[in-house]
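Residue numbers (this note's numbering), protein chains in the order written: chain A, 2 to 150; chain B, 5 to 406.
Now the structure itself:
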């Protein structure tokens, strides 16, 4: 074989070996242990602290029982407490730790209630441009018992 | 614009925003130009069509210039371009896309080797005849091996031919695979057809040859050199043949869809008659196929009148290049304009200034031409293109061609 062709083959070999080397450096060691993903991620996810306590914990222990019973009977019963009030794990474990204030912005309510063509027409939805004069929704609507204006 | 004006019928909420934008239209378009240009060059390198010789090396450089940016629309669309390489690091058989990295890399190696072998003699001569950085650049390109003896060149030629033989299926694979990605999406009736890879391949060859014709004419005009009409007519001839294959497959798909009239036919009809009527019937079929077909047919029949024929070939090529872009548009955007519910349609509104916008698409489409200018500065292919052809010989061969 001609020497210049040998050099090309050598160069090609360098490229392929280089690729294999970089791959071995970049791909995590636990990749492929269980499937086409990084197996270590399973443990990492398992070790995350649980931040949410669930709606039931708000109604337990006589803490927010009244509000809980109003909410549990309302049309918002499928929207959990922590959806608006944020994760409450720390607060449930220690009542002195206050959860962050509830998100009561128009945009947040609008995630469900701004008009979308894809939503069933029976679902309560408003045109944010013309409804409510840019006031916060909770100014008129009680989020714990919608339609209770 | 209000969302309500963009949709019709019943659609799913997550479909309202069309995710595959004009960049994804560009991706099969650029890949197609690569495959087409390479196949045009292999008409000479493999099938020994001597009349293509003037543009054979130029076609390879064109293929390389477009190949280098083929992944760019995808990486721009991805948002995190550094993650693109992961499809090669951790490939999976269930991902058609992960095969692309390997096919693309293999094809890139084949094209680079092919170019290197066909330009090696020039590279070595330039390296030996120059000084300073230029000598260093060309010596590096020659891999510091300066053997251009008859025996060495003969071996190069043999290897180049073998590579071109490997290159044709890889080019077909590279582009057929792009069609396969769309054809394999079974939830979308506008895409899901086994014909898709072949349709993409044929339109790729057509667009590649048309681009080559335009670049050849443009570069000869810029260099103020006479055009080799024999070569031009031969390219036009192949363009015509591939155009017939292309239109046959494209119409076959539509006709069989209409004849079979499965449950999706109503939405397909709406797509064709309302959403993409202009780009499909107007641009893709009439402008991109029908008019060039007639013009190229006339070029084949007409005698003499070289300038008129050249204009007709140029116009056909421009129409073909536009028509194939429309074809990519109709597939990529059209497919997303029908809802998965099969009872509604959506509308794609292109944005100009955005990551997914028209501006990045224009920039990406310009880059290969800049690369081509740079590459032709380093490896000038003009020698083959500017060889004088005896007048009488040209005419007789043209006659023979048609």
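Even for Gly, the Cβ is constructed at its ideal location relative to N, Cα and C.
My understanding is that residue i touches residue j, with C-beta atoms under 8 Å, so please give their C-beta distance in whole angstroms.
i	j	result
residue 13 of chain B	residue 348 of chain B	3 Å
residue 299 of chain B	residue 328 of chain B	Contact doesn't hold; Cβ gap of about 16 Å is too wide.
residue 67 of chain B	residue 42 of chain B	4 Å
residue 105 of chain B	residue 92 of chain B	4 Å
residue 236 of chain B	residue 210 of chain B	At roughly 16 Å, the Cβ-Cβ gap does not stay under 8 Å, so residue 236 of chain B and residue 210 of chain B are not in contact.
residue 254 of chain B	residue 203 of chain B	6 Å
residue 323 of chain B	residue 305 of chain B	That belief does not hold up - the Cβ atoms of residue 323 of chain B and residue 305 of chain B are roughly 19 Å apart, past 8 Å.
residue 77 of chain A	residue 125 of chain A	With a Cβ gap of about 11 Å, residue 77 of chain A and residue 125 of chain A do not count as contacting.
residue 372 of chain B	residue 61 of chain B	So it is not a contact: roughly 17 Å between Cβ atoms.
residue 6 of chain A	residue 159 of chain B	7 Å
residue 39 of chain A	residue 32 of chain A	5 Å
residue 342 of chain B	residue 194 of chain B	6 Å
residue 44 of chain B	residue 239 of chain B	7 Å
So if DSSP puts residue i in a beta bridge, which residue, or which two residues, is it bridged to?
i	result
residue 322 of chain B	Note: residue 322 of chain B sits in no beta bridge, so no partner.
residue 347 of chain B	B:14
residue 115 of chain A	A:127
residue 39 of chain A	A:32
residue 342 of chain B	B:349
For residue i, count the other beta carbons within 10 Å of its own beta carbon; 16 or more makes it buried, fewer makes it exposed. Which is it?
i	result
residue 130 of chain B	buried
residue 47 of chain A	exposed
residue 338 of chain B	buried
residue 404 of chain B	Note that residue 404 of chain B scores 46 on pLDDT, short of 50, meaning its location in the model is unreliable; the coordinates nonetheless yield the value given after this. Label assigned to residue 404 of chain B: exposed.
residue 43 of chain A	exposed
residue 340 of chain B	buried
residue 70 of chain A	exposed
residue 59 of chain A	buried
residue 110 of chain A	buried
residue 13 of chain A	exposed
residue 288 of chain B	buried
residue 26 of chain A	exposed
residue 186 of chain B	buried
residue 265 of chain B	exposed
residue 74 of chain A	exposed
residue 220 of chain B	buried
residue 353 of chain B	exposed
residue 41 of chain A	exposed
residue 36 of chain A	exposed
residue 171 of chain A	Absent from the model: residue 171 of chain A. The displayed extent of chain A is 2 to 150, so no value can be given.
Rounding to the nearest angstrom, what Cα-Cα distance links residue i and residue j in this structure?
i	j	result
residue 133 of chain B	residue 18 of chain A	35 Å
residue 10 of chain A	residue 113 of chain B	11 Å
residue 141 of chain B	residue 153 of chain B	21 Å
residue 83 of chain A	residue 89 of chain A	7 Å
residue 228 of chain B	residue 165 of chain B	32 Å
residue 131 of chain A	residue 70 of chain B	51 Å
residue 200 of chain B	residue 145 of chain B	39 Å
residue 4 of chain B	residue 40 of chain B	Since the first residue shown for chain B is 5 and the last is 406, residue 4 of chain B is missing from the structure and cannot be characterised.
residue 89 of chain B	residue 181 of chain B	18 Å
residue 473 of chain B	residue 303 of chain B	What the structure shows of chain B is the stretch from 5 to 406, and residue 473 of chain B is not part of that stretch, so it cannot be assessed.
residue 284 of chain B	residue 17 of chain B	27 Å
residue 91 of chain A	residue 103 of chain A	15 Å
residue 381 of chain B	residue 345 of chain B	53 Å
residue 126 of chain B	residue 230 of chain B	23 Å
residue 206 of chain B	residue 135 of chain B	46 Å
residue 108 of chain B	residue 178 of chain B	7 Å
residue 119 of chain A	residue 15 of chain B	7 Å
residue 168 of chain B	residue 46 of chain B	6 Å
residue 138 of chain A	residue 106 of chain A	7 Å
residue 223 of chain B	residue 32 of chain B	25 Å
residue 100 of chain A	residue 136 of chain A	24 Å
residue 241 of chain B	residue 250 of chain B	14 Å
residue 80 of chain A	residue 68 of chain A	14 Å
residue 96 of chain B	residue 103 of chain B	8 Å
residue 74 of chain B	residue 365 of chain B	12 Å
residue 330 of chain B	residue 321 of chain B	14 Å
Give a single yes or no on whether residue i has its beta carbon closer than 7 Å to a heavy atom of the ligand SAH.
i	result
residue 352 of chain B	Looking for the ligand SAH in the displayed structure turns up nothing, as the structure carries no ligands at all.
Inset, instruction - Could you run through the stretch 13–43 of chain B and flag, in chain order, every residue whose CB is less than 9 Å away from some CB of chain A? - result: Among the residues of the stretch 13–43 of chain B, those with a Cβ less than 9 Å away from any Cβ of chain A are 14, 15, 16, 17, 18, 19, 20, in the order of the chain.
Legend entry - Residues of the stretch 141–158 of chain B whose Cβ lies closer than 7 Å to any Cβ of chain A, in chain order: Near chain A, meaning a CB-to-CB distance below 7 Å, the residues of the stretch 141–158 of chain B are 147, 149, 151, 156.
Legend entry - Near-chain A residues of the stretch 82–98 of chain B (beta-carbon distance less than 7 Å), N- to C-terminal order: 93, 94, 96
Inset, instruction - Would you list, in chain order, the members of the stretch 28–62 of chain A that have their beta-carbon closer than 7 Å to a beta-carbon of chain B? - result: 28, 32, 37
Legend entry - Residues from the stretch 161–184 of chain B in contact with chain A, defined by Cβ distance under 8 Å: For the stretch 161–184 of chain B, which is checked against every Cβ of chain A, the residues closer than 8 Å are 163.
Inset, instruction - Mind checking the stretch 106–119 of chain A against chain B and listing, in chain order, the residues whose C-beta falls within less than 8 Å of any C-beta there? - result: 117, 118, 119
Legend entry - Contact residues within the stretch 107–136 of chain B, judged by C-beta distance below 8 Å to chain A: 113, 117, 120, 124
Legend entry - Residues from the stretch 269–285 of chain B in contact with chain A, defined by Cβ distance under 7 Å: none
Inset, instruction - Residues of the stretch 121–149 of chain A with a CB closer than 9 Å to any CB of chain B: list them in chain order, please. - result: Residues of the stretch 121–149 of chain A with a Cβ closer than 9 Å to any Cβ of chain B: none.
Inset, instruction - Closer than 9 Å, Cβ to Cβ, to anything on chain A: give me those residues from the stretch 314–325 of chain B, in chain order. - result: Those residues of the stretch 314–325 of chain B placed with their C-beta closer than 9 Å to a C-beta in chain A do not exist.
Inset, instruction - Using a Cβ-Cβ cut-off of less than 9 Å, list which residues of the stretch 80–100 of chain A approach chain B; keep chain order. - result: none
Legend entry - chain A contacts from the stretch 329–347 of chain B (Cβ-Cβ distance under 7 Å): Of all residues in the stretch 329–347 of chain B, none is placed with a Cβ closer than 7 Å to any Cβ belonging to chain A.
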